[in-house]
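Novice: To convert, count from 1 in the sequence shown and add 249; that's the working numbering.
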Amino acid sequence: MSTLEKAIANLPQKGFLNMDIPEGLNLVNEINRMRKEKNAIILAHYYQTGDIQDIADFLGDSLQLARAAEKTDAEMIVFCGVHFMAETAKILNPTKKVVLPDTLAGCSLADSCSGEGLRALKEKHPNAIVVSYINCDITVKAESDIIVTSSNAEHIIRSLPQDQEIIFAPDRNLGRYINQVTGRNMILWDGACIVHEAFSLERIAQQMLDNPQAKLIAHPEAQKPVLQMAHYVGSTANMLSYVEKNEAQEFIVATEEGILHEMKKRAPHKKLIPALTIDDTCNCSECHFMKLNTMQKLYLCMKYELPEITLNEELRIKALRSINNMLDLSKAIK
Ligand code: 13P
Ligand code: SF4
Numbered sequence: 250m251s252t253l254e255k256a257i258a259n260l261p262q263k264g265f266l267n268m269d270i271p272e273g274l275n276l277v278n279e280i281n282r283m284r285k286e287k288n289a290i291i292l293a294h295y296y297q298t299g300d301i302q303d304i305a306d307f308l309g310d311s312l313q314l315a316r317a318a319e320k321t322d323a324e325m326i327v328f329c330g331v332h333f334m335a336e337t338a339k340i341l342n343p344t345k346k347v348v349l350p351d352t353l354a355g356c357s358l359a360d361s362c363s364g365e366g367l368r369a370l371k372e373k374h375p376n377a378i379v380v381s382y383i384n385c386d387i388t389v390k391a392e393s394d395i396i397v398t399s400s401n402a403e404h405i406i407r408s409l410p411q412d413q414e415i416i417f418a419p420d421r422n423l424g425r426y427i428n429q430v431t432g433r434n435m436i437l438w439d440g441a442c443i444v445h446e447a448f449s450l451e452r453i454a455q456q457m458l459d460n461p462q463a464k465l466i467a468h469p470e471a472q473k474p475v476l477q478m479a480h481y482v483g484s485t486a487n488m489l490s491y492v493e494k495n496e497a498q499e500f501i502v503a504t505e506e507g508i509l510h511e512m513k514k515r516a517p518h519k520k521l522i523p524a525l526t527i528d529d530t531c532n533c534s535e536c537h538f539m540k541l542n543t544m545q546k547l548y549l550c551m552k553y554e555l556p557e558i559t560l561n562e563e564l565r566i567k568a569l570r571s572i573n574n575m576l577d578l579s580k581a582i583k
């Protein structure tokens, strides 16, 4: 189901978003009160707005968030991220209520691939195993053998036999990057992230000339020329650790700009320069899906316990197998 179809399917649940929030209501206090009363845990991704990151019980990248969702004993998981992340939480912890402030919070990568499409590709390569990036929906996870995130993709692919044929879906940039660093020749699904594909090689090269001491750090969803130019390529969590620990004092950051909120906290004296995109009138380095979640919607979502993620049990069991394979294969990764 595409993001739009999902949103239409959820329209009855979304009606409450039009309700007024009483003027002057202190949203932070209300969210804190409901968190206790309802035994809820708020999980947030680094691309959320700063106020949501600050109020979260747990902030992380997609691997860390999946692990946190699996192990929580809270009654309700309030997932501040995008739909596939909340869906993954529900797959891993089905007895908990999982809510997402805005069900329209989709992902261009997840939308690029369907379970049906992946099945057709598998039929053409019957000996291949399917490794899918976690940025995909439940139907794709159900058709996959192993899920990976940007934190563990390289580690997991290296653990597979060198001569094993592999289909990698849905991110062509991450797949190409893993092919390059591991010497594999995985068959790649042709999907991409609209945010990470918007970075401009020419403009970043100019930023590097203007800031010769700065290190370029990039998320592997960025295009090949940007990754080739980067001093460091890693997941959101790994980029944060790199900036914190590396002796350099200046960094050009090629990923969604929400990460700068946590980066500034961890490295307050370092100079952080958001990498430039092709069009400087578009705010292209913001993921508009991630930014659909707001404090107002978070408040309403906790109050009404909607929109709720519900899943087909047969699909859930199939998808769980590929996610569990990832968790088993990446125990060594923090
Ligand atoms: P991470 O796995 O690095 O958190 O990335 C998630 C994502 O959506 C990147 O665009
Ligand atoms: Fe999807 Fe890209 Fe947004 Fe990440 S930044 S959620 S990959 S659209």
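Cβ coordinates follow ideal geometry from the N, Cα and C atoms, glycine included.
Measuring CB atoms only, is the stretch 488-499 touching the stretch 517-529, in the sense that at least three cross pairs come out at less than 8 Å?
Specialist: yes
Novice: Which same chain residues end up closer than 8 Å to isoleucine 280 when comparing Cβ atoms and leaving out the 5 residues on each side of it in sequence?
Specialist: Ile291, Ile304, Met544, Leu547, Tyr548 and Met551
Novice: Restricting to Cα atoms, I'd like to know which of Glu557, Glu505, Ala454 and His510 is closest to threonine 344.
Specialist: Nearest option by C-alpha distance: Glu557.
Novice: Who pairs with aspartate 310 in a beta bridge, going by DSSP?
Specialist: DSSP lists no partner for aspartate 310.
Novice: Restricting to Cα atoms, I'd like to know which of Ile416, Asn342 and Gln456 is closest to leucine 560.
Specialist: Asn342
Novice: Measure the Cβ-Cβ separation of histidine 537 and threonine 504 and say whether it is below 8 Å.
Specialist: no
Novice: Under the rule that 16 or more other beta-carbon atoms within 10 Å means buried, what is asparagine 627, buried or exposed?
Specialist: The chain is shown only over 250 to 583; residue 627 falls outside these bounds and no answer can be derived.
Novice: Which class does phenylalanine 500 belong to by DSSP, given the choice of helix, strand or coil?
Specialist: In the three-state reduction of the DSSP assignment, phenylalanine 500 falls in the strand class, which pools E and B.
Novice: For the alpha helix (DSSP H) containing valine 397, list its first residue and its last residue.
Specialist: Premise fails: valine 397 lies in the beta strand (DSSP E), 395-397, not in any alpha helix (DSSP H).
Novice: Which residue comes first and which comes last in the beta strand (DSSP E) that contains alanine 418?
Specialist: It spans 415-418 - the beta strand (DSSP E) in which alanine 418 sits, taken as one unbroken run.
Novice: Buried or exposed for leucine 489, going by 16 or more other Cβ atoms inside 10 Å?
Specialist: buried
Novice: For histidine 294, does the count of other Cβ atoms within 10 angstroms reach 16, so buried, or fall short, so exposed?
Specialist: Per the 10 Å Cβ criterion, buried.
Novice: Please name the residue, chosen from Tyr491, Asp386, Asp310 and Thr526, that lies closest to alanine 418 on a Cα-to-Cα basis.
Specialist: Residue Asp386 is the option with its Cα nearest to alanine 418.
Novice: Any residue with its C-beta under 5 Å from a non-hydrogen atom of the ligand 13P counts. Can you list them all in chain order?
Specialist: In chain order, the qualifying residues are Asp310, Ser311, Thr398, Ser399, Ser484 and Thr485.
Novice: Quick one: complete alpha helix (DSSP H) runs, 4+ long, within the stretch 468-524?
Specialist: As far as the stretch 468-524 is concerned, its whole alpha helix (DSSP H) runs of at least 4 residues are 473-478, 485-494 and 508-515.
Novice: Return the chain-ordered ranges of every beta strand (DSSP E) run that is complete within the stretch 442-471 and spans a minimum of 3 residues.
Specialist: 464-467
Novice: Buried or exposed: where does asparagine 278 fall if 16 or more other Cβ atoms within 10 Å of its Cβ makes it buried?
Specialist: The residue in question, asparagine 278, is exposed, as its Cβ has fewer than 16 Cβ neighbours within 10 Å.
Novice: On a CA-only basis, which of Gln429, Glu392 and Ala377 is nearest proline 410? Give me that one, please.
Specialist: Comparing alpha-carbon positions, the option among Gln429, Glu392 and Ala377 lying closest to proline 410 turns out to be Ala377.
Novice: Go ahead and pull the three-state DSSP assignment for histidine 374.
Specialist: coil
Novice: Which ranges would you report for the alpha helix (DSSP H) in the stretch 303-357 if only whole runs of at least 4 residues count?
Specialist: As far as the stretch 303-357 is concerned, its whole alpha helix (DSSP H) runs of at least 4 residues are 311-320 and 332-341.
Novice: Under the assumption that alanine 338 contacts isoleucine 326 (Cβ atoms under 8 Å), give the Cβ distance between them as a whole number of angstroms.
Specialist: 5 Å
Novice: Name the two residues that bound the continuous alpha helix (DSSP H) containing alanine 402.
Specialist: 402-408
Novice: For the beta strand (DSSP E) containing leucine 292, list its first residue and its last residue.
Specialist: 289-294
Novice: Out of Tyr553, Lys464, Gln429 and Ser400, which has the shortest C-alpha to C-alpha gap to aspartate 310?
Specialist: Ser400
Novice: Can you give the Cα-Cα distance for leucine 358 and isoleucine 443, rounded to whole angstroms?
Specialist: When only Cα atoms are considered, leucine 358 and isoleucine 443 end up about 8 Å apart.
Novice: For the ligand SF4, I want to know if methionine 512 counts as a neighbour, meaning its beta carbon is within less than 7 Å of at least one of the ligand's heavy atoms.
Specialist: no
Novice: Look at asparagine 542 and aspartate 306 and say whether their C-beta atoms are less than 8 Å apart.
Specialist: no
Novice: Quick check on the contact list: which residues have their beta carbon closer than 7 Å to a heavy atom of the ligand SF4?
Specialist: Tyr296, Val331, Cys356, Ser357, Leu358, Ala359, Asn384, Cys442, Ile443, Val444, His445, Glu470, Glu505, Cys536, Phe538 and Met539
Novice: Near isoleucine 415, which residues of its chain fall below 8 Å by C-beta distance, leaving aside the five closest residues on each side in sequence?
Specialist: Ala377, Ile378, Val379, Val380, Ile406, Leu409, Arg433, Met435 and Ile436
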